[in-house]
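Step one of this worksheet: look at the structure below.
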Amino acid sequence: MAIKSARGINSLPAAKQDIISRFDFATLGPELILDALLQLGLDVSSGLLALNSYENRVYQFTAYPDHSLQAQKYVVKFYRPERWSPQQIQEEHDFAFELADADIPMVAPLRFNGNSLLQYQGYYFAVFPSRGGRTLEVDNDEQLAMLGRFLGRMHQVGAKKTFSYRPTFSVDSHLLQSQQVLAKLELIPDYMRPAFDTVLQQVIAEASRQYQPTKQIRLHGDCHAGNLFYVDKGPFFVDLDDCRTGPAIQDIWMMLSGDQREQRLTLELMLDEYEQYCEFDPAELKLIEPLRAMRIVHYMAWLARRWQDQAFVQSFPWFATDKYWEQQCLVLKEQLALLQQPPLSLVPGY
Numbered sequence: 433m434a435i436k437s438a439r440g441i442n443s444l445p446a447a448k449q450d451i452i453s454r455f456d457f458a459t460l461g462p463e464l465i466l467d468a469l470l471q472l473g474l475d476v477s478s479g480l481l482a483l484n485s486y487e488n489r490v491y492q493f494t495a496y497p498d499h500s501l502q503a504q505k506y507v508v509k510f511y512r513p514e515r516w517s518p519q520q521i522q523e524e525h526d527f528a529f530e531l532a533d534a535d536i537p538m539v540a541p542l543r544f545n546g547n548s549l550l551q552y553q554g555y556y557f558a559v560f561p562s563r564g565g566r567t568l569e570v571d572n573d574e575q576l577a578m579l580g581r582f583l584g585r586m587h588q589v590g591a592k593k594t595f596s597y598r599p600t601f602s603v604d605s606h607l608l609q610s611q612q613v614l615a616k617l618e619l620i621p622d623y624m625r626p627a628f629d630t631v632l633q634q635v636i637a638e639a640s641r642q643y644q645p646t647k648q649i650r651l652h653g654d655c656h657a658g659n660l661f662y663v664d665k666g667p668f669f670v671d672l673d674d675c676r677t678g679p680a681i682q683d684i685w686m687m688l689s690g691d692q693r694e695q696r697l698t699l700e701l702m703l704d705e706y707e708q709y710c711e712f713d714p715a716e717l718k719l720i721e722p723l724r725a726m727r728i729v730h731y732m733a734w735l736a737r738r739w740q741d742q743a744f745v746q747s748f749p750w751f752a753t754d755k756y757w758e759q760q761c762l763v764l765k766e767q768l769a770l771l772q773q774p775p776l777s778l779v780p781g782y
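Note that our numbering has the sequence shown beginning at 433, numbered continuously upward.
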C-alpha cells in the first residue's frame with residue numbers, strides 16, 4: 433500500500449545519510465507522534481496504544497488516511513536513535529519489500545510519496561499496516577512444518593542478493609565487543625567478577641574456535657517464537673529489525689528445545705519442509721552451540737548498553753541483582769559444557 437500525502441515530513445535520501453541524529457527518546461511524546469502522523473495524512477481517530485518493544489518505540493493506532501471515510505489500523509515505529517544508520521534501516525525495508533513481492537508473508541512498511549523511512553523532528557520512523565495473529569506454538573508440529581516452509585522460502589530470496597550496510601553475525605560483534613562492555617559493567621558484584629570473567633573468557637574462546645560459517649545469506653536474524661505470529665495460512669513476521677547476514681541455521685536453531693533427541697525430531701520436521709525451497713548444509717549444525725553462546729553473551733551486553741534507558745530499568749529490574757549474575761555464571765558454565773560436547777547430528781540420510 434502506498435499513501436501519497438506526506439505534508440511536512442522530510443523524506444529520507446538514505447544513501448546520503450551517514451548516522452541518525454543524536455536524539456534520545458526523552459522528547460518523544462504523544463503530541464510529537466500525533467503531529468508526525470497527521471502530516472502524513474493520517475487523521476488519528478484513536479489514542480496511541482504502546483506495543484511491547486524495548487529497542488524502539490512502537491504504537492498502534494486507528495486513523496482515517498487522507499480523510500477517508502473508512503478507518504484503518506496502523507502501527508508506527510520510531511527507531512532508537514543511533515542504533516542503525518538510515519542506510520541500514522532502508523535495507524531492512526527493502527528486504528521486506530522483496531519478500532512481500534515474492535508472496536512471502538511479511539508485513540512491509542507503507543510508502544509515503546515513495547519513501548518508507550521518514551523523518552520528523554530528528555526522529556526516523558516508519559508506518560506499517562496493523563496485522564494480528566496468534567503466537568506460534570513451538571510444540572505444534574503442523575505450525576513448525578509451516579515455519580520450515582516459510583523459512584525455506586525466505587532464505588531462497590535472502591540468498592539472491594547481499595546486504596551492503598546491515599551487519600553480519602560475527603565473533604567480534606557478538607562476543608568480543610560484548611566482553612568489552614561487560615568488563616566495564618559495575619552491576620556485576622565484586623565477589624562474582626573473577627569467576628564470571630573466567631568462564632566468560634572460556635566460552636568466548638571455545639565459541640570463537642568453533643564458529644566458522646562457510647556460507648552466509650540475508651536472514652531474519654532474531655527468529656524466535658516471540659517474533660513470530662500465526663494465522664491459519666501460516667506464520668509471518670511483522671518486521672525485520674534485527675536482520676543480518678549469517679548462516680541459515682541462525683533462523684532455525686531457536687525453534688529447537690528439549691534434549692538432543694527432541695531437538696533432532698523438530699529439526700527433521702522443519703528441514704523436510706525447508707528443503708522444498710532451499711538446500712540445507714548439515715555441516716551448519718556444528719554452529720548451533722557457538723551461536724547460542726553468542727546470543728547469551730550478546731544479550732547480557734545488550735541490557736548493559738541500554739541500562740541508561742529507564743524503560744529497561746523498569747522492565748528488567750533483576751539485571752541489577754546479585755542473583756542474576758550468579759545465575760548467568762551458571763548459564764555460562766552450562767554453555768561451556770555444551771560447546772565441549774559433540775554437536776547435534778541428523779539421522780542418516782541428511
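Idealized CB from N, CA, C, for every residue including glycine.
Counterpart residues of G666 in DSSP-defined beta bridges:
As a working note, residue 666 is residue 234 in the sequence shown. DSSP output for G666 lists V663 as bridge partner(s).
Look up Y706 in the DSSP assignment and give the residues it is bridged to.
To locate residue 706, count along the sequence shown from 1; it is residue 274. Answer by DSSP bridge pairing: none, since Y706 is not bridged.
Going by beta carbon distance, what residues of the same chain come within less than 6 Å of R454, once the five residues before and after it are set aside?
Position 22 of the sequence shown holds residue 454. The pLDDT assigned to R454 is 47, lower than 50, so where the model puts this residue is not dependable; a value taken from the coordinates is nonetheless given after this. So the list is empty, once near-sequence residues are dropped.
K647 lies in the beta strand (DSSP E); which residues open and close that run?
Start at 1 with the first residue of the sequence shown, and residue 647 comes out as number 215. Secondary structure note for K647: it is in no beta strand (DSSP E), with a DSSP letter that is neither H nor E.
Would you report the Cα separation of D691 and D573, rounded to the nearest angstrom?
Locating residue 691 in the sequence shown gives position 259, where the first residue counts as 1. Locating residue 573 in the sequence shown gives position 141, where the first residue counts as 1. Their Cα atoms are separated by approximately 17 Å.
In three-state terms, what does DSSP make of G678?
As a first step, residue 678 must be located in the sequence shown, where it is residue number 246. Strand, per DSSP.
For D475, report the span of its beta strand (DSSP E) as first-last.
Mapped onto the sequence shown, residue 475 falls at position 43. Segment L474 to V476, the beta strand (DSSP E) holding D475.
Complete alpha helix (DSSP H) runs within the segment 585-644 (minimum length 4 residues, chain order)
With a minimum length of 4 residues, the continuous alpha helix (DSSP H) runs that stay inside the segment 585-644 are 609-615 and 625-642.
Going by beta carbon distance, what residues of the same chain come within less than 7 Å of L735, once the five residues before and after it are set aside?
Position 303 of the sequence shown, counting from 1, holds the residue named residue 735. If we look at L735 and ignore the five residues flanking it on each side, its Cβ neighbours are F744, F748 and F751.
So what's F748 in DSSP terms, helix, strand or just coil?
Stepping through the sequence shown from its first residue, residue 748 is reached at position 316. F748: coil per DSSP, three-state reduction.
Taking the straight line between their C-alpha atoms, what separation do you get for G590 and D683?
On the sequence shown, position 158 is the one that residue 590 refers to. On the sequence shown, position 251 is the one that residue 683 refers to. Distance between the alpha carbons of G590 and D683 is about 12 Å.
Would you say A733 and V613 are within 8 Å of each other, going by their C-beta atoms?
In the sequence shown, the residue the question calls residue 733 occupies position 301. In the sequence shown, the residue the question calls residue 613 occupies position 181. Taking the C-beta atoms as reference points, V613 is found nearer than 8 Å to A733.
Excluding the 5 residues preceding and the 5 following P722 in the sequence, name in chain order all residues of the same chain whose CB lies nearer than 6 Å to its CB.
In the sequence shown, the residue the question calls residue 722 occupies position 290. Close CB contacts of P722 within its chain, under the 6 Å cut and outside five residues either way in sequence, are with A639, Q642 and Y643 (chain order).
For N488, count neighbouring C-beta atoms within 10 Å of its own C-beta (all shown protein chains included) and say buried if the count is 16 or more, exposed if not.
Stepping through the sequence shown from its first residue, residue 488 is reached at position 56. Its Cβ being crowded by 16 or more others within 10 Å, N488 is buried.
Can you tell me whether DSSP reads V729 as helix, strand or coil?
Here residue 729 corresponds to residue number 297 of the sequence shown, with the count starting at 1. Three-state DSSP puts V729 in a helix.
Short check: CB of S562 to CB of V635, under 8 Å?
Mapped onto the sequence shown, residue 562 falls at position 130. Mapped onto the sequence shown, residue 635 falls at position 203. In this structure, V635 does not lie closer than 8 Å to S562 by Cβ.
Quick one: Cα of D533 to Cα of R676, how far?
In the sequence shown, the residue the question calls residue 533 occupies position 101. In the sequence shown, the residue the question calls residue 676 occupies position 244. Cα to Cα, the separation comes out at about 20 Å.
Ignore the nearest five residues each way along the sequence and tell me which others in R515's own chain have a CB closer than 7 Å to its CB.
Walking along the sequence shown from the start, residue 515 turns up at place 83. Correct list, in chain order: E487.
Go ahead and pull the three-state DSSP assignment for S453.
Walking along the sequence shown from the start, residue 453 turns up at place 21. With a pLDDT of only 43 at S453, under 50, the local geometry of the prediction cannot be trusted, and the value read off the model is given with reservation. It is coil, neither helix nor strand.
Where does V763 sit, in a helix, a strand or coil, going by DSSP?
Working through the sequence shown from its first residue, we reach residue 763 at position 331. Note: V763 maps to helix in three-state DSSP.
Within a Cβ cutoff of 7 Å, which residues of the same chain sit near Q773, ignoring the five residues on either side of it in sequence?
In the sequence shown, residue 773 corresponds to position 341, counting from 1. Non-local beta-carbon contacts of Q773 in its own chain, meaning distances under 7 Å to residues more than five positions away in sequence, are absent.
For P513 and D456, which I take to be in contact (beta-carbon distance under 8 Å), what is that distance rounded to the nearest angstrom?
Counted from its first residue, the sequence shown places residue 513 at position 81. Counted from its first residue, the sequence shown places residue 456 at position 24. With 8 Å as the limit, P513 and D456 qualify as a contact, their Cβ atoms being about 6 Å apart.
Thinking C-alpha only, which one of D535, I465 and L474 is nearest A482?
Counting from 1 along the sequence shown, the entry for residue 482 is found at position 50. Ranking D535, I465 and L474 by Cα distance to A482 puts I465 first.
Where D526 and K765 are concerned, what is the direct C-alpha to C-alpha distance, given to the nearest angstrom?
If you number the sequence shown from 1, residue 526 lands on position 94. If you number the sequence shown from 1, residue 765 lands on position 333. Cα to Cα, the separation comes out at about 40 Å.
Identity of the residue in A503, Y491 and E530 nearest L672 by Cα
In the sequence shown, residue 672 corresponds to position 240, counting from 1. Comparing Cα-Cα distances from L672 to each of A503, Y491 and E530, the minimum goes to E530.
From D475 to A558, what distance separates their C-alpha atoms?
Within the sequence shown, residue 475 is the residue found at index 43, counting from 1. Within the sequence shown, residue 558 is the residue found at index 126, counting from 1. Our two residues, D475 and A558, have alpha carbons roughly 16 Å apart in a direct line.
Since T567 and A680 should fall inside the 8 Å C-beta cutoff, what is the C-beta to C-beta distance between them, to a whole number of angstroms?
Against the sequence shown, residue 567 aligns to sequence position 135. Against the sequence shown, residue 680 aligns to sequence position 248. About 24 Å; that fails the 8 Å criterion.
Any idea what DSSP makes of T698, helix, strand or coil?
Mapped onto the sequence shown, residue 698 falls at position 266. In the three-state DSSP reduction, T698 falls in the helix class (H, G or I).
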